[in-house]
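What the sequence shown shows, in the numbering used here, is residues 25 to 332, in sequence order. Quick reminder that beta carbons are idealized off the backbone N, C-alpha and C, glycines included. Everything numeric in this text was worked out from a predicted model, so none of it was measured.
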Amino acid sequence: MTPNFTTATHVLIGLGLFWLGAVVGSFANVCVYRLPWGKSVIWPASHCPKCLTALKGRDNLPIFGWLLLRAECRNCGLHIAARYVLMEVVMGLLFVGVHLAISADLGWYFPLDRIYGGRLLMGTMLVSFLVVATMMDYDWMIITDSVTVPGMLMGLTLGTIMPYARSVPMRSTSHMTGLWVGLAGILAGFGLILFFRVIGRILFRREAMGLGDATLMGVIGAFLGWKAAILTFFIAPFFGLAHALWKLGQMIVRRLTGGRNRQADHEMPFGPYLSMAAIFCLLGWPWIWKNWAIDLFDSISMIFKEMT
Ligand SMILES: [Zn+2]
25 MTPNFTTATH VLIGLGLFWL GAVVGSFANV CVYRLPWGKS VIWPASHCPK CLTALKGRDN
85 LPIFGWLLLR AECRNCGLHI AARYVLMEVV MGLLFVGVHL AISADLGWYF PLDRIYGGRL
145 LMGTMLVSFL VVATMMDYDW MIITDSVTVP GMLMGLTLGT IMPYARSVPM RSTSHMTGLW
205 VGLAGILAGF GLILFFRVIG RILFRREAMG LGDATLMGVI GAFLGWKAAI LTFFIAPFFG
265 LAHALWKLGQ MIVRRLTGGR NRQADHEMPF GPYLSMAAIF CLLGWPWIWK NWAIDLFDSI
325 SMIFKEMT
C-alpha cells in the first residue's frame with residue numbers, strides 16, 4: 025500500500041526540495057561559468073577567480089556559504105556577486121514550484137507513488153537544464169551543446185523509462201509511445217525554430233533565432249512532448265514583449281530623470297524567453313491545458329481535417 029500525502033509531508037518535501045534546488049543551483053552556477061570554455065565542471069573545486077584560493081567546507085554550502093563569507097573571499101576580500109546566491113534561491117523556489125504544480129494537478133492528498141515521483145524527477149531535471157541554458161545565453165549569447173545534448177537525451181530516456189511521467193495529454197502507457205512523444209517533441213522544436221529562421225532571413229534579412237535556440241527547443245520537446253513544445257514556442261514572444269515593455273519603461277524613466285541610456289539596453293537573446301515559457305507551461309500545465317489548450321488543439325486538428 026502506498027501512503028497518501030498529508031500536510032506534514034507537503035511541508036517536509038517542500039523544504040527538502042528547496043534545499044536540493046539550492047544545491048543544484050550552486051552546481052548550475054559552476055556550469056554557466058565553465059561550460060562555454062569547455063572546462064570540466066567537476067575539477068578543480070570552486071575557487072576565487074582572483075587569488076585562486078579554493079572554497080572549503082562550509083563556504084561551499086548553498087546560500088549559507090555566501091552569507092557566512094559576507095559576500096567576500098576569505099583570502100583576498102574579492103566581492104562575490106549576489107547573483108550566485110540569487111540563482112540558488114530561484115532554483116530552490118522552482119523545485120518547490122514543480123512540486124506544487126504536480127500537487128495541484130493530482131489533488132493535494134494523492135498517493136505518494138511512481139506517478140508523482142516520475143513527474144517530480146522530470147520536472148526538476150527540465151528546470152535545471154533550462155536555468156543553465158538561460159543564464160548561459162544571457163551571459164555569453166550562446167547555449168552550448170554540452171547542455172542541450174545531455175538535456176535531450178535525458179528527456180528522451182526519462183520519458184521512455186517512465187512514460188507516465190509526462191502531463192496529460194502527453195502521458196503514454198507504453199515505453200515505445202513514451203519514446204515517440206519525446207522524439208516528436210524534439211522534431212517539433214527543431215522544425216519550428218528552423219522554419220522561423222528561414223522566414224526571418226527572407227523577411228528581415230537577419231538571424232532571428234540561433235541554432236542554440238533549436239537545440240534548446242529540442243530539450244523542451246524531449247521533456248514535455250510535442251504539444252507543450254508548440255505551445256511554449258508561441259508563448260515565448262509574450263515574455264519577450266513583457267521584457268521589452270519593462271526596458272522601455274526604464275528608458276523613459278531615465279530620460280525623465282535626466283539620465284542617459286546605457287549600452288546595457290541591448291537586445292536580449294531568445295533562449296531565456298523560450299525557457300521562461302517552458303517553465304510557465306510546466307508549472308501552469310493543469311490550468312493552461314484545461315482552460316484553453318485543449319480547445320486550441322481541437323480546432324487545429326479540425327483545420328487539418330478540412331484541408332485533407
Ligand atoms: Zn580571493
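- Message: With three or more beta-carbon pairs closer than 8 Å as the criterion, would you say the stretch 225-235 touches the stretch 130-148?
- Response: No: the two stretches stay apart, fewer than three of their Cβ pairs being nearer than 8 Å.
- Query: With which residues is Asn-28 paired in a DSSP beta bridge?
  - Reply: According to DSSP, which records beta bridges pairwise, Asn-28 is partnered with Pro-135.
- Neighbouring residues (CB closer than 6 Å to any heavy atom of ligand 1): Matched residues: Cys-72, Lys-74, Cys-75, Thr-77, Cys-97, Asn-99, Cys-100, Leu-102.
- Task: Specify the secondary structure class of Ala-125 as computed by DSSP and reduced to three states.
- Result: Ala-125 carries a helical assignment under DSSP once its states are collapsed to helix, strand and coil.
- Task: Check each candidate in Ser-50, Val-35, Leu-280, Thr-197 and name the one with the smallest Cα separation from Met-186.
- Result: The residue with the shortest Cα to Cα distance from Met-186 is Thr-197.
- Task: In the DSSP assignment, find the unbroken alpha helix (DSSP H) run with Cys-72 in it and report its ends.
- Result: Looking at the DSSP string, Cys-72 is not in any alpha helix (DSSP H), and its letter there is neither H nor E.
- Item | From Leu-76, Met-115, Gly-116, Cys-72, residue whose alpha carbon lies closest to that of Ala-95 | If you compare the alpha carbons of Leu-76, Met-115, Gly-116, Cys-72 with that of Ala-95, the shortest gap goes to Cys-72.
- State buried or exposed for Ile-226, treating a residue as buried only when at least 16 other CB atoms are found within 10 Å of its CB. The residue is exposed, with fewer than 16 neighbouring Cβ atoms inside 10 Å.
- Task: May I ask you to list the residues that DSSP assigns as paired with His-103?
- Result: Its beta-bridge partners are Glu-96.
- Task: Return the CA-CA distance between Ser-64 and Ala-52, expressed in angstroms with no decimal places.
- Result: Roughly 13 Å between the two C-alpha positions.
- Task: Determine the burial state of Cys-100: buried for a count of at least 16 other Cβ atoms within 10 Å of its Cβ, exposed for fewer.
- Result: Cys-100 should be labelled exposed.
- Message: Alpha carbons only, please: which of Thr-168, Ile-167, Leu-118 is nearest the one belonging to Met-146?
- Response: When only C-alpha atoms are compared, the closest one is Leu-118.
- Item | Leu-307 versus Ile-327: straight-line alpha-carbon distance, rounded | Rounded to the nearest angstrom, the two C-alpha atoms are 29 Å apart.
- Of the residues Gly-206, Val-205, Gly-295, Leu-93, which one's Cα is nearest the Cα of Trp-164? Ranked by Cα distance from Trp-164, the options Gly-206, Val-205, Gly-295, Leu-93 are led by Gly-295.
- Message: For the structure I just gave you, are there three or more beta carbon pairs, one from the stretch 212-219 and one from the stretch 254-271, closer than 8 Å?
- Response: At 8 Å Cβ cutoff, the stretches touch.
- Message: Given this structure, state the Cα-to-Cα distance separating Thr-26 from Trp-311, to the nearest angstrom.
- Response: One Cα belongs to Thr-26, the other to Trp-311, and the distance between them is close to 27 Å.
- Message: If I measure Cβ to Cβ from Met-194 and keep anything under 7 Å in the same chain, skipping five residues before and after, which residues do I get?
- Response: Taken in chain order, the residues that qualify are Val-205, Leu-248, Gly-249, Lys-251, Ala-252.
- Inter-residue Cα distance where the pair is Asp-137 and Ala-189: Asp-137 and Ala-189: Cα-Cα distance of roughly 11 Å.
- Query: Does the beta-carbon of Asp-2 have 16 or more other beta-carbons within 10 angstroms, so that it is buried, or is it exposed?
  - Reply: This structure leaves residue 2 out entirely; the chain is present only between 25 and 332.
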